[in-house]
Amino acid sequence: MNKLNVNWSLHKNNVSIEVQLARFQRYLQGAGLRPSTIEMHMFRAGKYLRSVEGNQPKIHDFELFRENLLERKLSRNTVNNYCQAISHYHKMIKDPVAFNYLKPDDRIPYYFEPEEVVRIFDSCSNLKHLAMLKTLFYGCLRASELCNLDDIDLDLKTLTLRIRSGKGGHDGIAYISSDCVETLNRYLSIRPSLLVNGRQPLFYTDYGRRWDRIKLYKIFAIYKRKAGLTKPGGLHVFSRHTPASMLIRNGCDIMTVRDCLRHKSINTTIRYLHVSDAIKREKYDFYLAKPMELG
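Position 269 of the sequence shown, counted from 1, bears residue number 1060 in our numbering, the numbering being contiguous throughout.
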């Protein structure tokens, strides 16, 4: 017997989520937003639309979604970013929403320990993925910066990467370790060169496209889970907060940390001054107590 051609949906007039997101993309492009911002707004709006099962969302839906974000104890920046994306969507459908902007918490709430970073590397059985993770970590890179790297940006002799048009539109230099270079050499020895829109990306997908941030976030989540880590922290914590915290804990001066992270303002870097009490005691003894004893 053939299946009955009947639509039993209670919401027969709903437009598919894909169609809504395509319209949202055109709206954001018309507003002049950067491609990377549009990409993340669409990702967050997509999660929002799926939470209401593709229905035309109302203000009440937004309030419930935001309440859920807060209950999950996500960072204030994450909640603000979701709300900002969703407010753009509601503005597009001419049903604007208002929300209280949460003051960002400048503290770094968590980071990975060195042995946890090693576990993440060891869990990686894909050479390309391992090269990407090591480049992210040792270069202290943002996900968007890794996606934008080309072959010409890598200097294996000086162990550096040229970061072009990173956050804020400023170029910079990132340092990488000899361990990272060794993995990159293995990766490059078997990776064919490929032109994508007239450029040779350092990393590209098996489908011949540049990586995007969302795919990187998902890949990191897979290896973090394989490593058996359940503590909070995604790719940004791994590639930014963690190396910065390690540099500080091992005695690196704040100006060098700022240069490694390519911060425009030293005030952004100061957040990482969260060394442990043991490190504080060690420095106190070295710089004050012991010199006084010798005197």
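A virtual CB, placed ideally from N, CA and C, is assigned to each residue, including glycine.
Legend entry - residue 1039 vs residue 1057 beta-carbon contact at 9 Å: What you label residue 1039 is simply residue 248 of the sequence shown in a count that begins at 1. What you label residue 1057 is simply residue 266 of the sequence shown in a count that begins at 1. Their beta carbons are not under 9 Å apart, which means residue 1039 does not touch residue 1057 by this criterion.
Inset, instruction - Could you spell out where the alpha helix (DSSP H) holding residue 1035 opens and where it closes? - result: Here residue 1035 refers to the residue found at position 244 when the sequence shown is read from its first residue. 1033 to 1040 is the span of the alpha helix (DSSP H), which, as asked, contains residue 1035.
Inset, instruction - Would you kindly work out how many angstroms separate the C-alpha atoms of residue 828 and residue 1082, rounded to a whole number? - result: Here residue 828 corresponds to residue number 37 of the sequence shown, with the count starting at 1. Here residue 1082 corresponds to residue number 291 of the sequence shown, with the count starting at 1. Straight-line Cα distance between these residues: approximately 53 Å.
Legend entry - Whole-Å CB distance - residue 857 paired with residue 815, under 8 Å assumed: What you label residue 857 is simply residue 66 of the sequence shown in a count that begins at 1. What you label residue 815 is simply residue 24 of the sequence shown in a count that begins at 1. 18 Å between Cβ atoms; not a contact.
Legend entry - Helix, strand or coil at residue 965 [DSSP, three-state]: On the sequence shown, residue 965 is found 174 positions in, with the first residue counted as 1. Note: residue 965 maps to strand in three-state DSSP.
Inset, instruction - Spell out a yes or no on whether the segment 902 to 919 and the segment 930 to 939 are touching, meaning 3 or more CB-CB pairs, one atom from each, closer than 8 Å. - result: They do not touch, by the three-pair rule.
Inset, instruction - Give the DSSP-derived three-state secondary structure of residue 951 in the structure shown. - result: Your numbering for residue 951 matches position 160 in the sequence shown. For residue 951, the secondary structure class from DSSP, reduced to helix, strand or coil, is strand.
Legend entry - N-terminal and C-terminal residue of the alpha helix (DSSP H) that residue 1087 is part of: Residue 1087 is absent from the model: the chain starts at 792 and stops at 1086.
Legend entry - C-beta contact flag for residue 927 and residue 1029 at 9 Å: By 1-based counting over the sequence shown, the position of residue 927 is 136. By 1-based counting over the sequence shown, the position of residue 1029 is 238. Going by C-beta atoms, residue 927 is nearer than 9 Å to residue 1029.
Legend entry - Whole-Å CB distance - residue 955 paired with residue 942, under 8 Å assumed: Locating residue 955 in the sequence shown gives position 164, where the first residue counts as 1. Locating residue 942 in the sequence shown gives position 151, where the first residue counts as 1. The Cβ separation is near 13 Å, so there is no contact.
Inset, instruction - Output yes or no for whether 9 Å exceeds the beta carbon distance between residue 966 and residue 979. - result: Taking the sequence shown and counting its residues from 1, one reaches residue 966 at position 175. Taking the sequence shown and counting its residues from 1, one reaches residue 979 at position 188. Not a contact, by the Cβ cut-off of 9 Å.
Inset, instruction - Quick one: residues in its chain with C-beta nearer than 8 Å to the C-beta of residue 1064, no 5 flanking neighbours on either side, listed in chain order? - result: The count along the sequence shown starts at 1 and reaches residue 1064 at position 273. The residues are 1039 and 1045.
Legend entry - the segment 843 to 853 contacting the segment 865 to 872, beta-carbon criterion three pairs below 8 Å: Short answer: they don't touch.
Legend entry - Same chain only: Cβ atoms within 8 Å of residue 1020, ignoring 5 sequence neighbours per side: On the sequence shown, position 229 is the one that residue 1020 refers to. For residue 1020, where only same-chain residues beyond five positions count, the Cβ hits under 8 Å are 903, 907, 910 and 911.
Inset, instruction - Taking only runs that begin and end inside the segment 973 to 1052, name each unbroken alpha helix (DSSP H) of 4 or more residues, in chain order. - result: Counting whole runs of 4 or more residues, the segment 973 to 1052 contains the alpha helix (DSSP H) stretches 1004 to 1017, 1033 to 1040 and 1045 to 1052.
Inset, instruction - Tell me whether the beta-carbon of residue 937 lies closer than 9 Å to the beta-carbon of residue 1002. - result: Along the sequence shown, read from residue 1 onward, the residue named residue 937 stands at position 146. Along the sequence shown, read from residue 1 onward, the residue named residue 1002 stands at position 211. By the CB criterion at 9 Å, residue 937 and residue 1002 fall inside the cutoff.
Legend entry - As assigned by DSSP and simplified to three states, the class of residue 921: To locate residue 921, count along the sequence shown from 1; it is residue 130. Taken through DSSP and simplified to helix, strand or coil, residue 921 comes out as helix.
Inset, instruction - Inspect the beta-carbon positions of residue 847 and residue 884 and report whether they are closer than 9 Å. - result: As a working mapping, residue 847 is identified with position 56 in the sequence shown. As a working mapping, residue 884 is identified with position 93 in the sequence shown. Against a cut-off of 9 Å, the Cβ pair of residue 884 and residue 847 comes out as a contact.
Inset, instruction - Identify whether residue 957 lies in helix, strand or coil by the three-state DSSP scheme. - result: The residue labelled residue 957 in the question sits at position 166 within the sequence shown. In this predicted model, residue 957 has a pLDDT of only 49, less than 50, meaning its place in the structure is not dependable; the value taken from the coordinates is given anyway. Residue 957 carries a coil assignment under DSSP once its states are collapsed to helix, strand and coil.
Legend entry - Contact check, residue 1017 vs residue 901, beta carbons under 9 Å: Numbered from 1 along the sequence shown, position 226 holds the residue referred to as residue 1017. Numbered from 1 along the sequence shown, position 110 holds the residue referred to as residue 901. With contacts defined as CB atoms closer than 9 Å, residue 1017 and residue 901 fail to qualify as a contacting pair.
Inset, instruction - Decide if residue 820 is buried, meaning its Cβ has at least 16 other Cβ atoms within 10 Å, or exposed. - result: Your numbering for residue 820 matches position 29 in the sequence shown. Exposure of residue 820 is indicated by the presence of fewer than 16 other C-beta atoms within 10 angstroms of its C-beta.
Legend entry - Reduced DSSP category for residue 861 - H, G, I as helix; E, B as strand; rest coil: Locating residue 861 in the sequence shown gives position 70, counting from the first residue. Under the three-state reduction of DSSP output, residue 861 falls in the helix class.
Inset, instruction - Enumerate in chain order the residues of its own chain whose CB-to-CB distance from residue 781 is below 7 Å, with the five nearest sequence positions on each side excluded. - result: Residue 781 is absent from the structure shown; the chain starts at 792 and stops at 1086.
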